[in-house]
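**Student:**
There are 6 protein chains.
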Amino acid sequence: MSIEGYTNFKWFLVTSPAEYVAHVQTNRPAKFNAYHEPMWLELNQIFNKLSVDSNVRAVVFSGAGDKAFTTGLDVQAASQGGILGGGENKLDIARQSVQIRRHVEEFQNCITSLEKCEKPVIAAMHGYAFGLAIDLSCCADIRIASKDTKFSVKEVDIGLAADIGTLARLPKIVGNHSWVKEVTLTARIFTAEEARQVGFVSHVEENKEKAVAKAVALATLIASKSPIAVQGTKELLNHARENTTAATLRYTGVWNSAALHTDDVKAALLSGIKKTKPTFSKL
Amino acid sequence: MSIEGYTNFKWFLVTSPAEYVAHVQTNRPAKFNAYHEPMWLELNQIFNKLSVDSNVRAVVFSGAGDKAFTTGLDVQAASQGGILGGGENKLDIARQSVQIRRHVEEFQNCITSLEKCEKPVIAAMHGYAFGLAIDLSCCADIRIASKDTKFSVKEVDIGLAADIGTLARLPKIVGNHSWVKEVTLTARIFTAEEARQVGFVSHVEENKEKAVAKAVALATLIASKSPIAVQGTKELLNHARENTTAATLRYTGVWNSAALHTDDVKAALLSGIKKTKPTFSKL
Amino acid sequence: MSIEGYTNFKWFLVTSPAEYVAHVQTNRPAKFNAYHEPMWLELNQIFNKLSVDSNVRAVVFSGAGDKAFTTGLDVQAASQGGILGGGENKLDIARQSVQIRRHVEEFQNCITSLEKCEKPVIAAMHGYAFGLAIDLSCCADIRIASKDTKFSVKEVDIGLAADIGTLARLPKIVGNHSWVKEVTLTARIFTAEEARQVGFVSHVEENKEKAVAKAVALATLIASKSPIAVQGTKELLNHARENTTAATLRYTGVWNSAALHTDDVKAALLSGIKKTKPTFSKL
Amino acid sequence: MSIEGYTNFKWFLVTSPAEYVAHVQTNRPAKFNAYHEPMWLELNQIFNKLSVDSNVRAVVFSGAGDKAFTTGLDVQAASQGGILGGGENKLDIARQSVQIRRHVEEFQNCITSLEKCEKPVIAAMHGYAFGLAIDLSCCADIRIASKDTKFSVKEVDIGLAADIGTLARLPKIVGNHSWVKEVTLTARIFTAEEARQVGFVSHVEENKEKAVAKAVALATLIASKSPIAVQGTKELLNHARENTTAATLRYTGVWNSAALHTDDVKAALLSGIKKTKPTFSKL
Amino acid sequence: MSIEGYTNFKWFLVTSPAEYVAHVQTNRPAKFNAYHEPMWLELNQIFNKLSVDSNVRAVVFSGAGDKAFTTGLDVQAASQGGILGGGENKLDIARQSVQIRRHVEEFQNCITSLEKCEKPVIAAMHGYAFGLAIDLSCCADIRIASKDTKFSVKEVDIGLAADIGTLARLPKIVGNHSWVKEVTLTARIFTAEEARQVGFVSHVEENKEKAVAKAVALATLIASKSPIAVQGTKELLNHARENTTAATLRYTGVWNSAALHTDDVKAALLSGIKKTKPTFSKL
Amino acid sequence: MSIEGYTNFKWFLVTSPAEYVAHVQTNRPAKFNAYHEPMWLELNQIFNKLSVDSNVRAVVFSGAGDKAFTTGLDVQAASQGGILGGGENKLDIARQSVQIRRHVEEFQNCITSLEKCEKPVIAAMHGYAFGLAIDLSCCADIRIASKDTKFSVKEVDIGLAADIGTLARLPKIVGNHSWVKEVTLTARIFTAEEARQVGFVSHVEENKEKAVAKAVALATLIASKSPIAVQGTKELLNHARENTTAATLRYTGVWNSAALHTDDVKAALLSGIKKTKPTFSKL
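Protein chains in written order, with my numbering: chain A, 8 to 290; chain B, 8 to 290; chain C, 8 to 290; chain D, 8 to 290; chain E, 8 to 290; chain F, 8 to 290.
(1) Take residue 238/B and list the residues in its own chain whose beta-carbon comes closer than 6 Å to its own, dropping the five residues that flank it on each side.
(2) Going along the chain, which residues of its own chain have a beta-carbon closer than 6 Å to the beta-carbon of residue 74/E, five neighbours each way excluded?
(3) With three or more beta-carbon pairs closer than 8 Å as the criterion, would you say the segment 219–228 of chain A touches the segment 21–31 of chain A?
(4) Taking 8 Å as the cut-off, does the segment 162–181 of chain D touch the segment 264–272 of chain F (at least 3 CB pairs, one atom from each stretch)?
(5) Using 10 angstroms around the beta-carbon of residue 234/A, count the other beta-carbons present and answer buried if the total reaches 16, otherwise exposed.
(6) Hey, residue 159/F and residue 196/F: beta-carbon distance below 8 Å or not?
(7) Between residue 166/B and chain C, is any beta-carbon pair separated by less than 8 Å?
(8) Give me the Cα-Cα distance between residue 30/F and residue 132/F, rounded to the nearest whole angstrom.
(9) In the segment 236–287 of chain A, which residue ranges form an unbroken beta strand (DSSP E) of at least 3 residues, counting only runs that do not cross its ends?
(10) Taking contact to mean at least 3 C-beta pairs separated by less than 8 Å, is the segment 140–153 of chain B in contact with the segment 216–223 of chain B?
(11) When the Cα atoms are used, what is the spatial distance from residue 156/E to residue 209/D?
(12) Beta-carbon separation of residue 128/E and residue 59/E under 8 Å?
(13) Which residue marks the beginning of the beta strand (DSSP E) containing residue 150/B, and which one marks its end?
(14) Report yes if the C-beta distance between residue 182/D and residue 206/D is below 8 Å; otherwise report no.
(15) Given that residue 290/A touches chain D, what residues does it touch there, using C-beta distances under 7 Å?
(16) Can you give me the start and stop residues for the beta strand (DSSP E) that residue 32/E sits inside?
(17) Which chain F residues sit within Cβ distance under 8 Å of residue 59/C?
(18) Residues in its own chain within less than 8 Å of residue 286/F by CB, not counting five upstream and five downstream?
(19) Report the option in 86/F, 61/F, 10/F and 112/F whose CA atom is closest to the CA atom of residue 51/F.
(20) Please go through the same chain and pick out, in chain order, the residues whose beta-carbon is closer than 8 Å to the beta-carbon of residue 192/A, but skip the five residues on each side of it.
(21) With 16 other CB atoms within 10 Å as the buried threshold, where does residue 45/D fall?
(22) Closer than 6 Å by C-beta to residue 179/E: which residues in its own chain qualify, once you throw out the five before and the five after it? Chain order, please.
(23) Assign residue 280/C to one of two classes, buried (16 or more other C-beta atoms within 10 Å of its C-beta) or exposed (fewer than that).
(24) Is it true that the CB of residue 147/C sits closer than 8 Å to the CB of residue 68/C?
(25) Determine, using beta carbons only, whether residue 161/E and residue 70/E come nearer to each other than 8 Å.
(26) Identify which residue in 12/D, 130/D, 106/D and 116/D has its Cα closest to the Cα of residue 77/D.
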């Protein structure tokens with residue numbers, strides 16, 4: 008059952024499997040969790056809300072049902088009036104291009120909400136993880152897969168270059184560009200084990216349940232730490248990915264000049280001495 | 008036999024092992040495919056031509072003969088009048104430095120033509136792959152090796168820092184900097200298997216024939232996809248490597264605002280429904 | 008025994024295990040080599056000196072004693088008057104923040120001296136390698152570990168985001184961001200073997216002695232090469248990590264327009280022909 | 008009277024002085040158009056709407072009343088519960104800092120909506136133009152002032168560094184850093200004429216009416232041009248300010264590969280030949 | 008009469024008004040020096056040649072005839088088969104877009120040859136200086152105008168955003184963005200005096216002859232200096248425009264580590280003492 | 008007389024003309040304040056000290072004597088053993104180049120200390136201001152000149168490209184690149200009035216005394232403001248010069264999340280209401 012404040016969402020189930028942990032599930036299993044526009048708009052709302060929700064310190068993201076994390080874009084919906092729609096548009100090509108660009112940017116912004124969420128996001132994937140599945144999970148901080156996951160950067164197979172983030176992020180988070188190029192240019196399926204070997208996921212579990220359990224365990228562990236420390240760590244790592252080392256060092260000094268005024272340091276040190284579990288106030 | 012339009016090249020053999028696939032071989036096997044200046048000038052011409060040749064959708068790059076992908080710079084040639092030549096140059100050191108810089112830049116530009124080629128390039132390596140072999144293969148999109156390949160970033164052994172691209176690209180395409188530093192600072196030989204483990208190559212095959220066959224198979228698969236999708240994918244991945252995520256997302260939106268006007272999407276979707284092989288018009 | 012010119016340092020032992028090789032050991036084994044402020048100030052002095060010492064061509068960095076490379080910040084010292092001290096500071100929060108920022112920046116600069124050292128630095132780690140251990144080793148060029156090494160990006164456990172360089176550098180030197188996020192957000196211990204698999208270290212040795220011996224062997228090998236070539240290689244790889252490929256290619260051309268005027272090329276080529284060991288003059 | 012679709016806004020008056028031109032006025036003259044939070048939230052909505060409103064091709068932005076473009080932040084409101092509020096906050100300093108950062112970022116985002124608006128924005132300023140007035144007008148594309156304008160980067164006078172955009176943008180849009188530093192560090196008032204001489208505004212008019220009239224005339228002229236050409240020009244200039252020349256040239260090529268498919272080129276060329284005024288369809 | 012080696016060019020006149028000075032004139036006065044494709048291809052050849060011609064140390068660039076520096080793109084030619092051509096292209100829109108992008112990039116590269124020329128380029132402008140005139144002169148190092156020059160960033164008037172460099176470079180070389188936006192968004196004509204006031208040109212002369220004479224005098228002065236010093240200065244200033252201060256300082260140190268080995272320093276110092284005119288050897 | 012703590016400096020006079028204001032004078036008037044190595048090393052020490060001296064909130068920088076701000080590098084000293092020395096160096100050219108690079112970098116770092124100084128620096132210039140005078144004053148925040156100042160970017164006249172910062176900074180702080188290129192490529196003298204018109208200096212005063220007095224007055228005004236606000240303003244403006252707008256906005260939010268915890272805001276607001284002069288505690 009969705010937790011309070013998150014019950015109005017139609018396409019996602021938001022539960023709390025542990026203290027300070029939220030679990031967001033794409034909830035359209037009958038369609039293999041394929042996405043159409045109302046879904047990414049809703050996703051954006053959810054993650055913006057989680058980002059500043061002081062009851063949440065870590066988020067697990069998965070897909071409902073046995074079959075799929077998500078098979079990606081609902082191509083049928085996209086072909087009817089959507090981005091791949093065509094139809095008798097009376098605008099000239101340049102004007103249609105402006106509409107496409109605006110549409111792609113809005114879509115990108117919605118997916119980017121996972122990355123912008125101030126709390127760590129752990130993707131737990133299973134079954135089909137095609138197309139948008141990769142865009143989405145590239146925005147997560149940590150990726151876990153069940154053994155049966157079938158990944159594919161599927162976009163070239165429908166005649167387009169992936170434009171919702173995979174091509175922008177994958178080369179920055181996986182340090183094996185020969186492999187990155189291969190799977191994006193061929194759209195071939197790759198397994199969870201292959202994903203682990205090249206560093207796309209950091210754990211492979213026996214089945215979906217165990218993958219989600221592992222994600223929840225990691226989230227619970229993270230949620231037990233100082234939220235000041237955890238959220239600063241996420242922010243600074245993301246900054247490092249996009250900036251020079253010198254710029255990140257400088258940013259880090261400024262960041263911590265505020266963050267070190269936290270009571271969490273004292274609480275953490277004390278509990279370290281006393282061998283107790285520290286309690287950190289809300290953030 | 009070289010395909011039409013590519014028969015005039017002296018140092019390279021350009022064939023077509025499959026529809027829309029070109030195979031470029033460095034063809035100086037008697038000298039272990041070592042490079043001297045006329046060769047990189049010719050290489051530049053070939054890849055500039057392939058880049059806009061609408062009969063080509065993917066390129067395999069290998070070395071002729073049993074012995075070597077290439078042993079790198081032909082040091083003997085380079086010592087006689089070339090960049091390492093010395094000789095009685097009457098210019099002052101600063102003026103000689105200008106000449107060296109211009110020479111290095113021209114050399115770099117020629118090798119960069121593999122990276123700039125709009126079509127994916129797959130390097131299939133075997134035997135000796137020393138020095139320039141690494142510069143060249145770092146410009147390829149996908150790297151495949153036969154089991155017998157002996158790699159070495161050889162340059163420190165001849166008293167210089169590699170300047171034709173290895174040091175600029177290797178840290179960006181292999182995410183194990185401890186290893187990158189080790190092999191570039193020591194010039195030690197590493198095997199195909201080691202290259203695979205660290206993510207420099209994505210496949211190791213039994214022998215040269217199988218490595219080339221694997222490369223041709225991958226190229227053929229890529230060539231069967233929409234060229235609009237494939238070439239956009241290469242471009243956007245290369246953009247991502249050099250820019251921030253936000254900049255690449257923006258660039259992607261603009262790129263696809265033009266590219267989504269392709270008939271390939273409809274063709275791909277239709278053939279997906281009909282379970283037929285789509286046909287894409289030339290690009 | 009510390010080598011000449013390096014005997015005045017209190018917290019570090021600097022020896023020369025081989026020609027042109029320096030070995031720097033953090034020398035506070037009774038405290039698990041934990042760091043307090045006088046130590047990082049001294050470290051800075053040592054590496055600035057090594058950087059321009061013509062008798063040194065490669066540096067090994069390790070920790071004295073059986074227990075630890077270093078357990079990181081000496082938290083007790085830091086809590087007494089140091090950065091985590093608190094105490095009755097009469098300045099307003101903004102002014103305290105300025106002091107914190109200056110302190111963090113000075114600390115960062117000291118650790119960065121390993122990275123700025125013009126000579127390659129090889130970290131040989133063993134036992135506990137917590138917190139600052141990761142900041143320090145991220146500044147080394149090559150990382151080697153003994154089998155017993157217990158690594159942890161420990162900072163979140165004391166309520167803060169790591170601010171001396173780990174978060175700035177780790178995502179740039181390890182191409183598996185799912186793992187990077189996991190270990191930095193959870194502070195969990197990871198083993199030498201795990202470190203090797205994800206590419207944080209490039210060798211795991213049986214025990215501390217063998218790890219140091221391996222580091223010394225690598226350093227000796229590097230020290231036998233042209234120092235012009237070796238130091239240029241370090242510089243250009245570090246440049247590549249922070250700049251676009253095009254910028255590094257340009258920088259490389261300018262760099263080598265000076266560096267190719269070295270006698271080392273001739274020496275290296277001759278000794279290659281004569282099968283002798285080349286001698287390179289001091290740098 | 009506010010034009011259709013813009014009548015629900017409380018703090019701004021949105022009119023249409025000419026075809027395809029919108030005029031947005033900060034409408035709190037009794038308070039010298041000082042801003043409090045509901046105002047910048049509303050401003051954000053308005054400019055996001057204008058950005059995609061096909062009836063609008065250029066926007067004029069000014070302040071209602073005789074006295075002021077705006078005196079900036081409503082300090083009284085800000086001191087009561089707002090960002091400068093203080094009050095008995097029970098959070099620790101680090102947690103308060105997170106709240107401040109989120110608040111500043113939201114505030115910045117609202118003001119940035121002028122810059123992100125796809126249509127050119129012309130600020131027409133008069134009377135007091137203090138603090139936020141500079142942040143706002145730096146986001147406009149063109150700045151015009153009446154002779155009586157009294158500008159001040161006022162923030163240091165209330166004990167803080169300007170954080171809503173002035174310090175980020177002013178050094179990028181005015182090429183006289185000695186002057187930029189002087190006015191930002193001293194908070195001294197500068198006149199419209201001085202602003203013109205250093206290049207902060209491009210026109211000074213006799214009084215407010217003439218300043219607004221000039222702005223409307225410029226907006227009308229811009230609105231008479233191809234919207235594809237105009238909006239592309241704004242986008243590419245803003246891109247140039249933030250990127251290298253090479254990156255902008257590349258982006259421009261991709262941008263125009265879509266934009267040149269417009270019917271506007273033909274319309275413009277024809278009307279050039281026929282000496283008629285071209286008509287461009289909506290965008 | 009064109010100087011030796013430059014006589015084969017059809018659309019440009021290349022003379023030598025002073026020792027080490029070349030004067031390149033667009034030579035199509037009957038058409039107001041409007042550009043079509045063969046012209047920019049030729050321009051590229053000329054500037055690539057001047058860049059490495061040791062007889063040339065500074066270049067003046069102007070337009071032949073009384074009427075115009077250049078009125079820009081020859082729109083008629085461009086409409087017939089060229090980039091604005093339209094016609095019955097059978098390719099789908101995406102494929103046409105690829106052709107447009109390639110075309111724009113080739114055009115940009117040709118114009119960029121002025122910027123890449125290692126020798127300083129001084130544009131002397133007169134009469135009509137529309138469209139491409141601005142792209143071209145933005146690539147020059149120094150801009151001089153005769154009083155009668157009528158400038159216009161004309162592109163929006165033909166329905167497109169300027170794509171050959173004006174929008175990429177103008178905001179980087181003129182520090183008055185309010186003005187830059189105004190003239191690019193309105194396409195209004197501006198005078199030489201206005202251009203001087205905003206810093207687009209650095210001198211206004213009475214008429215074309217005097218403008219060219221001024222340019223030749225400046226070029227002659229520059230050509231009398233050490234070419235090592237002059238060409239280094241151009242390179243480092245262009246680097247500064249595109250990079251951070253820290254990066255340029257580093258690049259400068261490396262650049263001068265080669266350049267300071269010149270005999271020119273001694274020659275310059277000696278002639279300074281002896282009050283004679285130094286002679287510098289060719290570069 | 009030098010103020011306490013600054014009396015040991017040999018080449019500079021450091022006085023305090025007003026509360027919280029330091030005045031640093033290059034004090035070698037007999038040699039036109041020309042610089043040799045001990046001077047820039049001392050300068051570095053002074054500005055590093057001023058940067059964290061809580062008794063100082065603004066700094067004036069000028070040259071002692073009637074004749075010169077500084078004529079730049081003491082060429083005679085530089086020719087004897089210094090960077091321009093030549094002499095019988097037994098190292099090969101590449102090794103000499105390393106020494107030159109290290110020397111240039113150390114020199115650059117010393118001059119950069121003005122820019123890094125956390126307190127605003129105002130350069131008051133008079134008489135000769137050649138070569139290093141420009142490097143130095145480009146590091147100041149505000150530049151003021153007496154009418155008699157004769158500026159020259161003199162370096163090309165001694166056969167080298169300016170390498171201590173002028174070429175890196177001038178294009179970033181003066182938005183008239185045609186002029187920047189002209190004065191750097193020709194080394195021609197320009198006047199204070201010309202400097203003011205192009206935006207290199209922001210005030211021209213009748214004579215040296217008035218220039219210094221103006222600088223002291225500005226410094227005194229700045230020193231009367233909140234040091235938290237002032238130092239934040241300097242930092243954020245310098246950040247803006249080197250980073251994208253988005254990056255600076257983000258950095259600003261983090262910066263002020265610490266800085267807004269200052270008592271200065273309350274003090275400033277109160278004194279604004281009470282019309283009194285606020286007092287700010289030390290920083």
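Note that CB positions come from ideal geometry on N, CA and C, so glycine has one too.
**Tutor:** Let me lay it out:
(1) What you label residue 238/B is simply residue 231 of the second sequence in a count that begins at 1. Closer than 6 Å at Cβ, skipping near neighbours: 125.
(2) Reading the fifth sequence from its first residue, position 67 is the one you call residue 74/E. For residue 74/E, where only same-chain residues beyond five positions count, the Cβ hits under 6 Å are 39 and 134.
(3) yes
(4) yes
(5) As a first step, residue 234/A must be located in the first sequence, where it is residue number 227. Buried is the call here.
(6) By 1-based counting over the sixth sequence, the position of residue 159/F is 152. By 1-based counting over the sixth sequence, the position of residue 196/F is 189. Cβ distance < 8 Å, so residue 159/F and residue 196/F count as in contact.
(7) As a position in the second sequence, residue 166/B is number 159, starting the count at 1. It does; some Cβ of chain C falls within 8 Å.
(8) The residue labelled residue 30/F in the question sits at position 23 within the sixth sequence. The residue labelled residue 132/F in the question sits at position 125 within the sixth sequence. Cα to Cα, the separation comes out at about 13 Å.
(9) none
(10) yes
(11) Translated into the one-based positions of the fifth sequence, residue 156/E becomes position 149. Translated into the one-based positions of the fourth sequence, residue 209/D becomes position 202. When rounded, the distance between both Cα atoms is 20 Å.
(12) On the fifth sequence, residue 128/E is found 121 positions in, with the first residue counted as 1. On the fifth sequence, residue 59/E is found 52 positions in, with the first residue counted as 1. No, these two residues do not count as a Cβ contact at 8 Å.
(13) In the second sequence, the residue the question calls residue 150/B occupies position 143. Run containing residue 150/B: 149–153, per the beta strand (DSSP E) assignment.
(14) Within the fourth sequence, residue 182/D is the residue found at index 175, counting from 1. Within the fourth sequence, residue 206/D is the residue found at index 199, counting from 1. Yes, Cβ-Cβ distance for residue 182/D and residue 206/D is below 8 Å.
(15) One-based indexing of the first sequence puts residue 290/A at position 283. By Cβ distance, chain D contributes 102 and 105.
(16) Position 25 of the fifth sequence, counted from the first residue, corresponds to residue 32/E. Run containing residue 32/E: 28–33, per the beta strand (DSSP E) assignment.
(17) Counting from one through the third sequence, the residue named residue 59/C turns up at place 52. Near residue 59/C (Cβ distances below 8 Å), the residues of chain F are 109.
(18) Along the sixth sequence, one-based indexing puts residue 286/F at 279. Correct list, in chain order: 274.
(19) Numbered from its first residue, the sixth sequence carries residue 51/F at position 44. Residue 112/F is the option with its Cα nearest to residue 51/F.
(20) Taking the first residue of the first sequence as 1, we reach residue 192/A at position 185. Within the same chain, residue 192/A has close Cβ partners 163.
(21) Looking up residue 45/D in the fourth sequence gives position 38. When all chains shown are included, residue 45/D counts as exposed.
(22) Within the fifth sequence, the letter at position 172 stands for residue 179/E. So the qualifying residues of the chain are 248.
(23) Locating residue 280/C in the third sequence gives position 273, where the first residue counts as 1. Per the 10 Å Cβ criterion, exposed.
(24) Your numbering for residue 68/C matches position 61 in the third sequence. Your numbering for residue 147/C matches position 140 in the third sequence. Taking 8 Å as the Cβ cut-off, residue 68/C and residue 147/C qualify as a contacting pair.
(25) Mapped onto the fifth sequence, residue 161/E falls at position 154. Mapped onto the fifth sequence, residue 70/E falls at position 63. No, the pair does not count as a contact, with Cβ atoms beyond the cut-off.
(26) Here residue 77/D corresponds to residue number 70 of the fourth sequence, with the count starting at 1. It is 130/D.
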